[in-house]
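Comments concern the structure below.
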Amino acid sequence: MRTLTHLPRLCLLGAALATLACGGSSSSSSTPTSPTLSTAVVTNTITITSAGVSPNNIEITQGSRVLFINNDSRSHNMTADPHPEHTDCPPINSVGFLAAGRQIETSNMTTVRTCGYHDHDDASNTKFQGKITIK
Ligand SMILES: [Cu+2]
Numbered sequence: 127m128r129t130l131t132h133l134p135r136l137c138l139l140g141a142a143l144a145t146l147a148c149g150g151s152s153s154s155s156s157t158p159t160s161p162t163l164s165t166a167v168v169t170n171t172i173t174i175t176s177a178g179v180s181p182n183n184i185e186i187t188q189g190s191r192v193l194f195i196n197n198d199s200r201s202h203n204m205t206a207d208p209h210p211e212h213t214d215c216p217p218i219n220s221v222g223f224l225a226a227g228r229q230i231e232t233s234n235m236t237t238v239r240t241c242g243y244h245d246h247d248d249a250s251n252t253k254f255q256g257k258i259t260i261k
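Going letter by letter, the sequence shown gives residues 127 to 261 in the working numbering.
Next comes the structure, spelled out in C-alpha cells:
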C-alpha cells in the first residue's frame with residue numbers, strides 16, 4: 127500500500143525529466159564545426175592518436191614533406207581538403223590509408239599556400255583535421 131502512494135510522485139518526476147530532455151535536444155544542431163587549431167608549430171611530423179592529430183597546425187618550408195605517424199589503434203585515411211574531392215593539396219593524398227602503427231610521408235609540398243586535411247574515413251571528426259602552411 128505504501129509503494130502505491132509513491133507512484134504518482136514518481137510519475138510526475140519522470141514527466142518533468144522527459145520535458146527537460148526534450149528541451150535540451152531542440153537546441154542541438156548538426157552544423158559542421160571547424161577544428162580548434164593550436165598555435166602553428168614549425169615541424170614536419172604529425173602524430174595521430176585516439177585524441178586526434180598533433181600538432182594540428184604546422185608550418186613547413188616550401189618543397190619539404192610531412193610525415194604522418196599513426197600511433198592510434200585504428201586506421202586513418204589522411205587526405206587533402208575539401209572532402210570528398212581532395213583537390214586543394216594533392217601531395218597530402220600520397221599519405222591516404224594509414225594502418226594502425228604505420229607512418230607515411232606526403233609528397234613534396236611545392237606550392238606556397240595553406241592546406242587543410244582530414245581523415246576521409248571520419249571526415250566530420252574535427253579531431254582528425256588540421257592545417258599545414260607551406261612557406
Ligand atoms: Cu575526404
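Cβ atoms here follow ideal geometry from the backbone N, Cα and C, with glycine treated the same way.
None of these values were measured; they are calculated from a predicted model.
Fill in: Nearest-angstrom Cβ-Cβ length linking His246 and Gln255, presumed shorter than 8 Å
So it is not a contact: roughly 11 Å between Cβ atoms.
Worksheet item: DSSP puts Ala206 in a beta bridge; with which residues?
Response: Tyr243
Discussion item. Here's a check: name, in chain order, each residue in its chain whose Cβ is nearer than 7 Å to the Cβ of Asn101, leaving out the five neighbours to either side.
Written reply: With the chain covering only 127 through 261, there is no way to say anything about residue 101.
Worksheet item: Going by the C-beta, is Thr205 closer than 7 Å to any heavy atom of ligand 1?
Response: yes
Worksheet item: Where does Thr171 fall in DSSP's three states?
Response: strand
Worksheet item: What are the start and end residues of the beta strand (DSSP E) that includes Asn196?
Response: 193 to 196
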